[in-house]
Amino acid sequence: MAELSAKRFIATTRVITSFGFYLTIPLLAVVALRAGSMTVAEVGILLAAQALFRRGMAIPSGILCDRYGGAKLLVAGLAAEAVGYVLLSSSITFSIWLIAVVVDGVGGAVYNTASRVVLAEASDDAAASSLAGFYVATNVGALLGPLIAALVADHSARIVLAMSALAYVVSAIGAYRRFGRHAETRAATGKSIWHSTRQAIRDPKFLVYCGLTIPLWYGISLLVSALPLEANAKHLGYFGVGLINSLNAAMVVAFGTMGGRWVDKLDHKQRLRLLGAGSAIMAAGCLVCLAPGRWSLYAGILVITVGELINICASEAVAVRFAPKGATGVYLGFITTAWSVAGVAVSLLAGALLGGEPASRTLFWVFSAGLLVVGAVALALFSRVPVNQPVPVAD
1 MAELSAKRFI
11 ATTRVITSFG
21 FYLTIPLLAV
31 VALRAGSMTV
41 AEVGILLAAQ
51 ALFRRGMAIP
61 SGILCDRYGG
71 AKLLVAGLAA
81 EAVGYVLLSS
91 SITFSIWLIA
101 VVVDGVGGAV
111 YNTASRVVLA
121 EASDDAAASS
131 LAGFYVATNV
141 GALLGPLIAA
151 LVADHSARIV
161 LAMSALAYVV
171 SAIGAYRRFG
181 RHAETRAATG
191 KSIWHSTRQA
201 IRDPKFLVYC
211 GLTIPLWYGI
221 SLLVSALPLE
231 ANAKHLGYFG
241 VGLINSLNAA
251 MVVAFGTMGG
261 RWVDKLDHKQ
271 RLRLLGAGSA
281 IMAAGCLVCL
291 APGRWSLYAG
301 ILVITVGELI
311 NICASEAVAV
321 RFAPKGATGV
331 YLGFITTAWS
341 VAGVAVSLLA
351 GALLGGEPAS
361 RTLFWVFSAG
371 LLVVGAVALA
381 LFSRVPVNQP
391 VPVAD
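Counting from 1, one number per residue, gives the positions in the sequence shown under this note's numbering.
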């Protein structure tokens, strides 16, 4: 019953924080550029920093979760995110926003890892559907956030930023009341940080798998990093960007849980082949974005969303399959670090290429499609490699 209550609380806070996240982050570039306070390159740096810290801190977050449990870390992560969004709402300047996205990124890494560790450890053989459910909850908030932001931002972008801050402050207070004073503290295992990390480092097949997911995470990151800049180049307003994000979220909400339950029934090789298919589908979406006109961006992102659905249903379930008992957090941390690498890469590339001439925008989408095709082929080949049962590393 306690596990069920924790799952429900995580789902609820995820909807609220996702609403706050998608009120702001998809429109961050548009707000900054329209305010005239930042260049396209500076926006790219902001998005890269947000991706780096939000995903790149996942390994230490996972290690701490494995040693001490996720509940109190969940509270700390939400508190840090609340501080980050308060800073975002305080001033639309590059220096303040850079500090804000770093603080928010670290907090997001801790909160996301802690939440997923709690879900994975409580789900046993249904990890795929539980983890997919986490992303479905994410997209419930994402369904309304961009549209409301688009409607309000035309009148005042600061109101949107303040609404995001409020969502995170409320969630942090709720998490403290639910977990902060009553969470069961897991006894420290006595293992060093190096020992915890070594379990993953000495698993070469897992490390290869993490590398092979980078194109998949690159494809997912296009929505946050590339869409706003491409939309600006194609003269889409706040509402156009918000509508695309909401359509993306609607598809994930509609099919995410169903997809997770289906993936639970697949074996390891079938999941890897499915991920390869998802990468190929996202490559096709990138090519659709090449076509002139606004419709191509709508259609291309929706095709990419199909690949995103496959990724969120299967990628972390495969990572959990590799993890020895007691190392779920660090293994999820490694897979999220692959997401960080991809997020930084796509943000910097988008900042460098999508603000320029049509030829540079064409280069961006062709490169993205090529990377995703390579990822699809590599995952299909990797599915033929046998995977042994995970064994904990000895002291």
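Don't be surprised by glycine CBs; every beta carbon is placed ideally from N, CA and C.
Remember, it's a predicted structure, so these values are computed and weren't measured experimentally.
Alpha-carbon to alpha-carbon, Leu381 and Ser171: 43 angstroms
Once the 5 residues before and after Ala82 are set aside, which same chain residues still bring their CB inside 6 angstroms of it? Tyr168, Val169 and Ala172
Grab me the residues of Leu309's own chain with a C-beta within less than 8 angstroms of its C-beta, minus the 5 sequence neighbours each way, in chain order. Met251, Val252, Phe255, Gly256, Gly259 and Gly278
Length of the line joining the Cα atoms of Leu372 and Tyr218: 8 angstroms
Can at least three beta-carbon pairs, one atom from the stretch 321 to 340 and one from the stretch 197 to 213, be found at a separation below 8 angstroms? yes
Assuming Thr414 and Gly56 are in contact, meaning their beta carbons sit under 8 angstroms apart, how far apart are those beta carbons, in whole angstroms? Beyond the ends of the chain as shown, which are 1 and 395, falls residue 414; an answer cannot be given.
To the nearest angstrom, report how far apart Thr39 and Arg158 are at their CA atoms. 19 angstroms
Below 8 angstroms between beta carbons: does that hold for Ile301 and Asn248? By the CB criterion at 8 angstroms, Ile301 and Asn248 fall inside the cutoff.
For Pro324, does the three-state DSSP call read helix, strand or coil? coil
Taking the alpha helix (DSSP H) that Asp203 falls in, what are its first and last residues? Element bounds for Asp203: n/a, residue is neither H nor E.
Out of Pro26, Leu52, Ala142 and Leu27, point me to the one whose CA is closest to Gly107's CA. Leu52
What's the C-alpha gap between Leu266 and Glu357? 45 angstroms
Just how far apart, CA to CA, sit Arg294 and Pro324? C-alpha of Arg294 to C-alpha of Pro324: approximately 47 angstroms in a straight line.
Whose C-beta lies closer than 7 angstroms to the C-beta of Met19 among residues of the same chain, with five residues either side of it excluded? Note that residue 19 is Phe in the sequence shown, not Met. The residues are Gly141, Leu144, Gly145 and Ala167.
Using only CA atoms, which one of Val101, Gly77, Arg67 and Ala376 lies nearest to Ala283? Ala376
Do the stretch 346 to 363 and the stretch 214 to 229 make contact, defined as three or more Cβ pairs closer than 8 angstroms? yes
Look up Val110 in the DSSP assignment and say whether it is helix, strand or coil. helix
Report all residues from its chain with a CB closer than 7 angstroms to the CB of Ala394; omit the five preceding and five following residues, and keep chain order. Low confidence applies here, because Ala394 scores a pLDDT of 46, under 50, leaving its location unreliable; read the following figure in that light. Around Ala394: no qualifying Cβ.
Note down the Cα distance separating Leu264 from Asn232, rounded to an integer number of angstroms. For the record, residue 264 in the displayed sequence is Asp; it is not Leu. If you draw a straight line from the Cα of Asp264 to the Cα of Asn232, it is about 40 angstroms long.
Work out the CA separation of Gly326 and Lys234 for me, nearest whole Å. Lys234 and Gly326: Cα-Cα distance of roughly 49 angstroms.
How would you label Ile285, buried or exposed, when you count the other beta carbons within 10 angstroms and need 16 or more for buried? Note on residue identity: the sequence assigns Gly, not Ile, to residue 285. Gly285 comes out buried.
Closer than 6 angstroms by C-beta to Val341: which residues in its own chain qualify, once you throw out the five before and the five after it? Chain order, please. Ile214
Could you have a look at Met251 and say whether DSSP puts it in helix, strand or coil? helix
By a C-beta neighbour count over all protein chains shown, 10 Å radius and 16 as the cutoff for buried, is Gln50 buried or exposed? buried
Backbone secondary structure at Arg384 - three-state DSSP: coil
Ile304: which of Val288, Pro204, Glu42 and Ile96 sits nearest, CA to CA? Val288
Secondary structure of Glu357, DSSP reduced to three states: Looking at Glu357 - three-state DSSP - the assignment turns out to be coil, as it is neither helix nor strand.
Measuring only the C-alpha atoms, how far is Ala79 from Ile96? 18 angstroms
Can you give me the C-alpha to C-alpha distance between Trp365 and Arg178, rounded to a whole angstrom? 45 angstroms
Close beta carbons around Tyr176, own chain, < 6 angstroms, minus the five adjacent residues each side: Sequence-distant partners of Tyr176 (beyond 5 residues in either direction) whose C-beta falls short of 6 angstroms from its own C-beta, in its chain, are Val75.
Candidates Trp339, Trp262, Leu147 and Ile10: closest to Phe134 by CA position: Ile10
Beta carbon of Leu243, beta carbon of Leu147: below 8 angstroms? yes
Give the straight-line distance between the Cα atoms of Thr189 and Arg67, rounded to the nearest whole angstrom. Confidence at Thr189 is low in this model, with a pLDDT of 48, below 50, so its placement is unreliable and the value that follows should be read with caution. So the alpha carbons of these two residues sit roughly 6 angstroms apart.
Ile63 lies in the alpha helix (DSSP H); which residues open and close that run? Ala58 to Tyr68
Pick helix, strand or coil for His268, following the three-state DSSP scheme. helix
If you reduce the DSSP assignment to three classes, tell me which class Ile220 lands in. The three-state secondary structure of Ile220, taken from DSSP, is helix.
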